[in-house]
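Engineer:
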Amino acid sequence: MLTLTVAEDLLAQGLFDLPRLAVKEYGNRYFISTILDTPYSDAYSFLGFKDLMVIQRKKPDLFHYFLQRRLEQDRYVIEAWATTGIHGIFVEEAFSGADSISPHNYDQFVYRYNQPYFQYMHSLGLLPIHYVCGDVLPRLEQLTDYDIAAVAVEESKKKFHIEISEVVERIAGRKAVFGNIDSIRFGIHATPSEMSAEVKRQADIGARASGFIASTGSPFPLETDPRMIDVLV
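Following this line, the structure appears as structure tokens:
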């Protein structure tokens with residue numbers, strides 16, 4: 579049994595006091611958001627990678643029970659965040675790409691729970707940004723079904739290739755798009771002029787989207803020269 583904590587009890591813990599103060603002080607000047615996981619990505623935090631993969635095959639009914647309970651808890655968490663007055667939520671999801679699970683498993687264990695998850699978030703006036711790690715290209719059509727404001731994707735790595743022009747083309751104006759500048763290549767190995775050129779290249783492509791935000795596909799490594807981040811900005 580997964581115990582649920584309602585929004586009122588979450589708020590009483592004081593965890594949302596600082597975000598509320600940040601919104602009061604800066605909310606009229608900046609877009610303020612938090613970071614959450616989808617029910618599927620929450621499962622990774624509990625199970626780890628191996629058991630996340632195994633449970634889909636060996637104990638699907640148990641996994642559905644877990645995901646439903648996580649969805650119920652996530653609704654209380656989202657409700658609590660909405661009371662702070664933040665503008666949006668950056669929703670991360672790992673191990674749901676085509677490089678990790680099949681289309682059938684995505685439909686059963688990800689799509690089924692993401693639909694009501696994002697609907698509830700949107701109903702409370704929050705702008706969801708859905709960031710999906712891995713090979714997201716085969717999932718883009720389903721991502722556009724969600725009540726989200728924008729799609730964010732990783733940079734190309736491992737054995738998959740994500741070109742931002744293809745993302746913009748497939749989204750076809752239905753959602754805003756975040757760029758996927760390679761944080762390792764351009765954060766550590768590039769010159770400032772190369773970083774500037776990559777930002778301009780992606781921004782030119784993003785001009786064809788309904789909205790575009792220049793961004794890295796992953797966080798910058800710790801050894802990144804802060805001046806390179808200044809160049810991006």
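In terms of the numbering used here, the sequence shown opens at residue 579 and continues consecutively.
Note that CB positions come from ideal geometry on N, CA and C, so glycine has one too.
All values derive from a computational prediction rather than experimental measurement.
1. Can the beta-carbon of Ser-814 be found closer than 8 Å to that of Ile-783?
2. Can you tell which of Phe-627, Tyr-698 and Tyr-654 has its C-alpha closest to the C-alpha of Ala-585?
3. For Glu-710, count neighbouring Cβ atoms within 10 angstroms of its own Cβ and tell me buried if that reaches 16, exposed if not.
4. Using 8 Å as the cut-off, can you tell me whether the region 650-665 makes contact with the region 595-604, which would need three or more C-beta pairs spanning the two stretches below that distance?
5. Just the Cα atoms here: how many angstroms apart are Tyr-604 and Arg-763?
6. Would you identify the three-state DSSP class for Phe-641, choosing helix, strand or coil?
7. Considering only the alpha carbon of each residue, which of Lys-737, Val-729 and Ser-619 lies closest to Phe-644?
8. Just verifying my parser: in three-state terms, what is the DSSP assignment at Glu-670?
9. Keeping to the same chain, check which residues put their C-beta closer than 7 Å to that of Tyr-684; ignore five residues upstream and five downstream.
10. DSSP state of Phe-798, grouped into three classes?
11. Between which two residues does the beta strand (DSSP E) harbouring Val-731 extend?
12. Using only CA atoms, which one of Pro-797, Val-777 and His-708 lies nearest to Leu-753?
13. Distance, Cα to Cα, Asp-615 vs Pro-694?
14. Per DSSP, which one or two residues make a beta bridge with Leu-705?
15. What residue from Asp-713, Asp-725 and Glu-719 has the CA that sits closest to Val-731's CA?
16. Per the DSSP calculation, Ser-611 is bridged to which residue(s)?
17. Locate the alpha helix (DSSP H) running through Ala-781, then write down its first and last residues.
18. Using the rule of at least 16 other Cβ atoms within 10 Å of the residue's Cβ for burial, across every protein chain shown, is Glu-719 buried or exposed?
19. Short of 7 Å in beta carbon distance, which residues of its chain neighbour Ile-766, apart from the five on each side in sequence? Order them along the chain.
Structural biologist: With the structure as the only source:
1. Nothing can be reported for residue 814, as the shown portion of the chain is limited to 579 through 811.
2. Walking along the sequence shown from the start, residue 585 turns up at place 7. With distances taken between Cα atoms, Ala-585 lies closest to Tyr-654.
3. Locating residue 710 in the sequence shown gives position 132, counting from the first residue. What sits at residue 710 in the sequence shown is Val, not Glu. Around the C-beta of Val-710, 16 or more other C-beta atoms lie within 10 Å, and the residue is accordingly described as buried.
4. These segments touch.
5. Here residue 604 refers to the residue found at position 26 of the sequence shown. Here residue 763 refers to the residue found at position 185 of the sequence shown. Their backbone Cα atoms lie some 33 Å apart in a straight line.
6. Numbered from its first residue, the sequence shown carries residue 641 at position 63. In the structure shown, Phe-641 adopts helical secondary structure according to DSSP, grouped into three states.
7. For the purposes of this step, residue 644 is taken as the residue at position 66 of the sequence shown. The option with the nearest alpha carbon to Phe-644 is Ser-619.
8. Working through the sequence shown from its first residue, we reach residue 670 at position 92. Three-state DSSP puts Glu-670 in a strand.
9. Counting from one through the sequence shown, the residue named residue 684 turns up at place 106. Sequence-distant partners of Tyr-684 (beyond 5 residues in either direction) whose C-beta falls short of 7 Å from its own C-beta, in its chain, are Ser-674 and Arg-717.
10. In the sequence shown, residue 798 corresponds to position 220, counting from 1. For Phe-798, the three-state secondary structure derived from DSSP is coil.
11. Counted from its first residue, the sequence shown places residue 731 at position 153. Membership of Val-731 in the beta strand (DSSP E) is indicated by the continuous run 728-731.
12. Walking along the sequence shown from the start, residue 753 turns up at place 175. Leu is not the amino acid found at residue 753; the sequence shown has Lys there. Closest option to Lys-753, Cα to Cα, is His-708.
13. Locating residue 615 in the sequence shown gives position 37, counting from the first residue. Locating residue 694 in the sequence shown gives position 116, counting from the first residue. Our two residues, Asp-615 and Pro-694, have alpha carbons roughly 14 Å apart in a direct line.
14. Along the sequence shown, read from residue 1 onward, the residue named residue 705 stands at position 127. Beta-bridge pairing links Leu-705 to Gly-666.
15. Counting from 1 along the sequence shown, the entry for residue 731 is found at position 153. When only C-alpha atoms are compared, the closest one is Asp-713.
16. Mapped onto the sequence shown, residue 611 falls at position 33. Looking at the DSSP output, Ser-611 shares a beta bridge with Gly-666.
17. As a working note, residue 781 is residue 203 in the sequence shown. Start and end: 770-784.
18. Along the sequence shown, read from residue 1 onward, the residue named residue 719 stands at position 141. A residue is called buried once 16 or more other Cβ atoms fall within 10 Å of its Cβ, and Glu-719, having fewer, is exposed.
19. Your numbering for residue 766 matches position 188 in the sequence shown. So the list reads Pro-799, Glu-801 and Thr-802, once near-sequence residues are dropped.
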